[in-house]
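Residue numbers (the working numbering): 1427 to 1791.
For each residue, glycine too, the CB sits at the ideal point set by N, CA and C.
Worksheet: the structure to be examined is printed underneath.
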Amino acid sequence: MSDDSGDEADVSNVSVKSSEDIVVNPFHRPKNVKQAVNAKAAEKKSVFGGSIAQFLDGHQNVHSRSVEIDGEQFLTYILTHPYQLNLFAGLCGPKSKQAMYSDTTFTMGGKYIVTTVMVHPMLQSRVTGGPALLQMASFLTPSLKQKAYEEFGWFLRQSVGKPEQDWKLRHITDGETALYNAFLYVFDDSEHALCAIHSRDGVSRKICNDFKDIDAKRKRLIMFDIYGFVDNENNNHSPGLIDSETVELFRQQLESCESRWKHDKFFEWFVKYQKTKFEEKVILPARQKVGMQKNLATTNYNEDFHSKVKRIVGEVADLRQVTLGMLKMAEEQKNDMVNALFDQGPFKLRPEFAALRIQESRIYD
């Protein structure tokens, strides 16, 4: 979840997700007052009743799914074009090695929206030269419980055929346990890792909100020990705990941090709530299993997509505007992929696939 202001705020009393998740995963707190207010408004505003529900049910690229949670029925919605499902099957299917990135935001359209993003293996951004990010299926849900997220997972698995086939999905998320546990349940042979940038931001907010006696200098030391430092401009990387090449190395280096951090309570919190998670989902071997790299800046793909949605539909939008905006983006994206073959638009072929470029004159030969 992202916000452009970047201001830190004490929003520890805002109830956005389960209290257990907030203790275990600091990623779940709003980053600032603006996000906290938006979250509160989302809790009070029912957007799935009346004409909005009729609009969603009547759209050919919106699929409704009913789910019962704690005795109450909820309607959830999946937004997707057919070509996005075909891409998912081809790039993230049982025989593929591409990863899917998922994230939940509570600041769009008054309801929770789960976005999924993938990297196209043959294309790159014409402007930055970086990965070509593809918007995939999105999920609208009034509930953040695991059972609701499972509906999204089952839809994806069943929509591409052969749901009984073993499927080692490579999945990267922020720290929301209900989201990634739902996909681990549906895709029971999957690999999962946590986004390093979300992890870093979450631990930083945890220190600011709950360990206020840690001064700025010590916080900087702790964050450097955990996450190292990446200087993209000079291609310089100073490793941290996150770059440990084995679990044994991670444990040894973590042990040495206790005396250096000089804060027993924070160290105890990190060992209790983060140690196992780092070993299984964050350190280098876990990230490499799903195709991630050492460079932290390559992992925050969902936030890039969120910013594009906000520019189209605005900070405060009716859910219908959000839906139409996202579906329009998906349609334009389809054209962008085709245009890349003609060396036009925001994407272009990666150098190793340049031979696939279509010269316009060839069309008329």
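Just list the residues that DSSP pairs residue i with in beta bridges.
i     : result
R1596 : A1525 and E1617
R1491 : T1502
V1656 : H1663
T1542 : S1528
Find the nearest neighbour of residue i within the set the options, judged by alpha-carbon distance.
i     : options                       : result
H1663 : D1651, Y1509, S1733 and N1512 : D1651
F1578 : H1546, Q1714, K1643 and T1542 : T1542
K1688 : E1729, F1613, F1637 and D1529 : F1637
D1496 : A1574, Q1561, P1772 and L1753 : A1574
Y1653 : E1671, S1625, K1632 and Q1678 : S1625
F1779 : A1766, C1634, L1482 and G1771 : A1766
R1677 : K1701, M1649, P1665 and E1694 : K1701
Q1719 : D1669, E1757, L1566 and V1697 : D1669
D1639 : K1691, E1674 and C1621        : K1691
A1558 : Q1785, K1715 and P1772        : P1772
V1493 : R1552, L1566 and I1478        : L1566
A1608 : Q1572, M1752 and L1595        : Q1572
T1554 : M1752, E1671, D1730 and S1585 : D1730
N1728 : G1519, A1525, Y1611 and K1537 : A1525
V1540 : S1564, K1523 and G1519        : S1564
T1603 : K1715, K1703, D1769 and N1512 : K1703
G1751 : K1760, D1762, N1761 and V1735 : V1735
D1614 : V1629, G1556, W1593 and G1628 : W1593
E1758 : Y1509, S1569 and G1717        : Y1509
S1630 : V1612, M1649 and K1643        : M1649
E1576 : V1612, C1518, D1762 and S1569 : V1612
I1709 : S1569, T1672 and M1763        : T1672
Y1538 : R1552, G1666, A1515 and I1504 : I1504
G1519 : V1488, S1585 and L1570        : S1585
N1487 : H1507, Y1606 and M1763        : H1507
I1623 : L1647, R1713 and Y1699        : R1713
So what's residue i in DSSP terms, helix, strand or just coil?
i     : result
S1585 : helix
F1637 : coil
M1649 : helix
N1512 : helix
H1624 : helix
V1629 : helix
L1605 : helix
S1569 : coil
S1733 : helix
K1471 : Reliability fails at K1471, whose pLDDT of 47 lies under 50, so the model's placement of it is uncertain and the value that follows must be treated cautiously. Looking at K1471 - three-state DSSP - the assignment turns out to be coil, as it is neither helix nor strand.
E1778 : helix
Q1561 : strand
R1783 : coil
A1723 : Because A1723 sits at a pLDDT of 48, beneath the cut-off of 50, its placement in the model cannot be relied upon, and the following sentence gives the value as read from the coordinates. Of the three classes helix, strand and coil, the one that applies to A1723 here is helix, per DSSP.
N1451 : Because N1451 sits at a pLDDT of 48, beneath the cut-off of 50, its placement in the model cannot be relied upon, and the point is left open.
Hey, could you find the ends of the beta strand (DSSP E) residue i is sitting in?
i     : result
T1554 : Per DSSP, T1554 belongs to no beta strand (DSSP E) and is neither H nor E.
F1773 : F1773 to L1775
I need the boundaries of the alpha helix (DSSP H) containing residue i, first residue and last residue.
i     : result
L1501 : Counting along the chain, L1501 falls outside any alpha helix (DSSP H), though it belongs to the beta strand (DSSP E) covering E1498 to L1505.
L1753 : L1745 to A1766
K1691 : D1690 to Y1699
S1685 : V1673 to W1687
G1712 : Before going further, note that residue 1712 is Ala rather than Gly in the sequence given. Per DSSP, A1712 belongs to the alpha helix (DSSP H) from L1710 to K1715.
- Is it true that the stretch 1745 to 1756 meets the stretch 1515 to 1533, where meeting means three or more beta-carbon pairs spaced less than 8 Å apart? no
- Do the stretch 1487 to 1501 and the stretch 1542 to 1558 meet, that is, are 3 or more Cβ pairs less than 8 Å apart? no
- Message: Would you call the stretch 1611 to 1620 in contact with the stretch 1592 to 1599, where contact means no fewer than 3 C-beta pairs closer than 8 Å?
- Response: Touching, yes.
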